[in-house]
Amino acid sequence: MENRFLLLFLLISITTGLELVWEDNFDTFDYSKWGFDQGGNGWGNKELEYYTNRTENARVENGNLVIEVHREDFLNRSFTSARLTSKFNFKYGVFEARIKLPNMTNGLWPAFWMKGSERPDWPARGEIDIFEAGSASAIHDGHHTSHGQPYYPKIDMSLDFNVWRVEWNNTAFKMLFNNKEYMWFDIGGLPTFQKNFFFLLNVAVGGTYPNIQDPNQITAPLPARMLVDYKALLLILQLLSILRDHSVLNMLGNVWDRLENVKRTLKSLDPHLLLSFIFHIFGVAFLSFFTPLFIRFLFAYNVVDQTEPLDFVFETCTKEYYGVCSFPEARLSLAEKDIRFSAGSAYWFTLDLELIETDSLLDSRVFLTQVEIKDHEQKTLSTAQRTVNLQYSFFYRWFIRIRNLMFFPLYLIGMLSSSSPTEFHIHFPKPFQSRLNETAAFLVVQIQNRLAQVKWAELHIEANTSYFTYFLHYYPFISFAFLAMISATIFSILMGLYWTKVGFEVYSEASKVEPEDPHFSKPLNIKKKLGYDENYEFDGRKLQEKIRDLRPDDIPECPQLNGVFGWDVKPTGGQKIGFDEN
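Residue numbers (mature numbering (1 follows the signal peptide of the UniProt record, and there is no 0)): -17 to -1, 1 to 565.
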């Protein structure tokens, strides 16, 4: 399968983290972005090809960048290929390439690498080998880094695309293969790698790496093609650059200011409202935790479970295989166990077993388990397999003990089963579908490890009426987290809507303005009513006489005076009384 070639490159900015600075979608070959190294001088490695810029050797095809090797006589060389160089120089960044390699046995040498673009000349300017792959005699798909350490992948890299990623900053290089780190190199004290680089893609023929200098010894099938799909990933968080511009400090300051605002708001709330708000928060947390458990309990009836004990047998022979010449195998007769498979239903199998710990078993470190459904003629109807790693280390034993102690409540409610290093809970994720009909006669369980001695074993046969039930049953932690997240979102939205309504009501009550009341909003100004100046002083007797001359409509009744005409003002020894606005 040929994937589309997309080339993006990201430079690390000191203030903004990552910035897209270059891309090539490869709808057509863009000569403004790519250059070619041409020639057939061996390139210092005794290579046998002649690098050209012809479309026969480098082109865009079906959305892929194709580098193709041909066996042909060309300018005194027996092979032609291409070596592409980027016209864009860069310093630091994150990028990855998805590359499908050709069959390299024997003599091909594909590479994806980087070279310094500043003087002095190579090799003093620096070189970074992301990968070099080749094959010669006993070496198969060998790969080495700039450290010179060989890696031998367990997969054939000519069958499909594999991902190579480089993460480069001012302190280190990190290289990953299919998202697994395989090399890390500290460059903090090396000024060579603090300069601009460009990258190269090429497929060489022969040379020092495959250790073939004779064209007749090149046996790799030709023409051969390397396909490249190249794209950048936003993976590196530049914590150092964030600290440099104090973004973290500013963020913490903003959070503190927001907390202060929240505290001031909470203090202004009515105590009953505040307690109600806190109660609702705990209610959302409570419901978010127990709703997934309730859903699991509600759908538990959809699981049909049948458990059968297993007796494993094996044949003995010479000591060549520790006295065992067959895999331990257990066979169940469906008729004897009253097991019936219905066409159209999905079935899953789970194997619980405990092995006897022996030195020979510890040496094997791994075993394969297999479940087969066979008919009366021993013809296999369906098969499922699962590989299990043996982990008997001291630290793993303590990990099991601590895990059993920490998650003890989950064991009680059945969401997790306790285990020991010698016990295994093996689930076969592949469902057995409608082919399991009346022709099924036997169920065979096999442990493909001659060194395994089974202490006890049980096989659980389960039929689920829905994939939702299957998800709840076999992935309790993931399903719990997923449902808890959905529950928390729903209950939080409902709580937010409720408190939005309460907030509007509180705000409306607080913003209400009582209508103007002359009895309370304004003090009784006697001097103004009597026509005197504010600074005028008079004695109580004259004041009493003036009040008696007023009409009832001139002075409204005031509750605090119990009626103006009932107010008795008595002078005391001719003392003058002064009035003010209050």
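All C-beta atoms, glycine included, are put in the ideal place defined by N, C-alpha and C.
CA-to-CA distance, residue j to residue i, given in whole angstroms
{"i": "L351", "j": "T363", "result": "18 Å"}
{"i": "H359", "j": "V146", "result": "47 Å"}
{"i": "residue 567", "j": "M209", "result": "The structure shown has nothing for residue 567, since the chain only spans -17 to 565."}
{"i": "L184", "j": "P93", "result": "8 Å"}
{"i": "G189", "j": "N24", "result": "13 Å"}
{"i": "N72", "j": "F78", "result": "14 Å"}
{"i": "L48", "j": "L84", "result": "12 Å"}
{"i": "F378", "j": "L336", "result": "22 Å"}
{"i": "T366", "j": "K357", "result": "9 Å"}
{"i": "H263", "j": "R279", "result": "24 Å"}
{"i": "T63", "j": "K16", "result": "22 Å"}
{"i": "P198", "j": "Y33", "result": "13 Å"}
{"i": "G99", "j": "N153", "result": "15 Å"}
{"i": "D294", "j": "P204", "result": "51 Å"}
{"i": "G109", "j": "K178", "result": "9 Å"}
{"i": "A41", "j": "E51", "result": "6 Å"}
{"i": "P193", "j": "F57", "result": "22 Å"}
{"i": "N86", "j": "K163", "result": "23 Å"}
{"i": "L91", "j": "V186", "result": "7 Å"}
{"i": "F9", "j": "E44", "result": "9 Å"}
{"i": "N89", "j": "T191", "result": "13 Å"}
{"i": "Y14", "j": "Y330", "result": "57 Å"}
{"i": "W26", "j": "G171", "result": "30 Å"}
{"i": "R323", "j": "Q289", "result": "11 Å"}
{"i": "W381", "j": "H408", "result": "18 Å"}
{"i": "L315", "j": "K438", "result": "18 Å"}
{"i": "Q361", "j": "S462", "result": "38 Å"}
{"i": "P292", "j": "A471", "result": "42 Å"}
{"i": "F425", "j": "V296", "result": "16 Å"}
{"i": "L317", "j": "L388", "result": "39 Å"}
{"i": "T341", "j": "R386", "result": "24 Å"}
{"i": "D167", "j": "Q353", "result": "Per the sequence shown, the amino acid found at residue 167 is Trp instead of Asp. Going by the C-alpha atoms only, they are around 39 Å apart."}
{"i": "S491", "j": "W482", "result": "Any reading at S491 must be qualified, since the residue scores a pLDDT of 49, below 50, and its modelled position is unreliable; the value itself is stated next. Distance between the alpha carbons of S491 and W482 is about 14 Å."}
{"i": "I195", "j": "I82", "result": "24 Å"}
{"i": "T202", "j": "G46", "result": "29 Å"}
Residue of the options minimising C-alpha distance to residue i
{"i": "R148", "options": "N179, I409, F411, F95", "result": "F95"}
{"i": "F454", "options": "H410, T38, F156, E110", "result": "H410"}
{"i": "E55", "options": "D13, L173, W482, P206", "result": "P206"}
{"i": "E319", "options": "A423, L258, P275", "result": "A423"}
{"i": "I473", "options": "L91, T274, H408", "result": "T274"}
{"i": "N161", "options": "N179, A80, P193, N199", "result": "A80"}
{"i": "E312", "options": "L258, A440, T405", "result": "A440"}
{"i": "L334", "options": "K74, D169, V427", "result": "V427"}
{"i": "E406", "options": "R384, F425, F390", "result": "R384"}
{"i": "Y458", "options": "I50, L276, I201", "result": "L276"}
{"i": "F12", "options": "E30, G22, R37", "result": "R37"}
{"i": "F390", "options": "E150, F460, F324, W26", "result": "F460"}
{"i": "K157", "options": "G76, A116, N89", "result": "G76"}
{"i": "Q21", "options": "D10, N45, R60, V43", "result": "R60"}
{"i": "M478", "options": "G266, I82, T35", "result": "G266"}
{"i": "E150", "options": "T175, I111, A116", "result": "I111"}
{"i": "E101", "options": "L317, T175, Q361", "result": "T175"}
{"i": "S475", "options": "E39, R386, I261", "result": "I261"}
{"i": "Q368", "options": "R314, N387, Q431", "result": "Q431"}
{"i": "K74", "options": "G46, N28, L258, A155", "result": "A155"}
Distance between beta carbons of residue j and residue i, contact taken as under 8 Å
{"i": "Q429", "j": "I339", "result": "That pair is no contact at about 18 Å."}
{"i": "M97", "j": "F181", "result": "7 Å"}
{"i": "F310", "j": "H443", "result": "Not quite, the Cβ-Cβ distance comes to about 21 Å (not below 8 Å), so this is no contact."}
{"i": "Y165", "j": "L159", "result": "7 Å"}
{"i": "D212", "j": "F114", "result": "Actually they are not in contact, since the Cβ atoms of D212 and F114 sit about 15 Å apart, beyond 8 Å."}
{"i": "H53", "j": "E30", "result": "With a Cβ gap of about 15 Å, H53 and E30 do not count as contacting."}
Any C-beta of chain D under 8 Å from that of residue i
{"i": "E291", "result": "No chain D is present in this structure, which holds just one protein chain."}
Fill in: the region 51 to 68 / the region 138 to 151 touching (three or more Cβ pairs under 8 Å)
no
Discussion item. For the pair the region 260 to 276 and the region 462 to 469, tell me if three or more CB-CB distances fall below 8 Å.
Written reply: yes
Discussion item. Extract the residue ranges of the beta strand (DSSP E) inside the region 132 to 183, only unbroken runs of 3 or more that lie entirely within it.
Written reply: 145 to 151, 155 to 160, 163 to 169
Fill in: beta strand (DSSP E) runs contained entirely in the region 40 to 79, provided each spans 3 or more residues
41 to 44, 47 to 57, 60 to 64, 66 to 69
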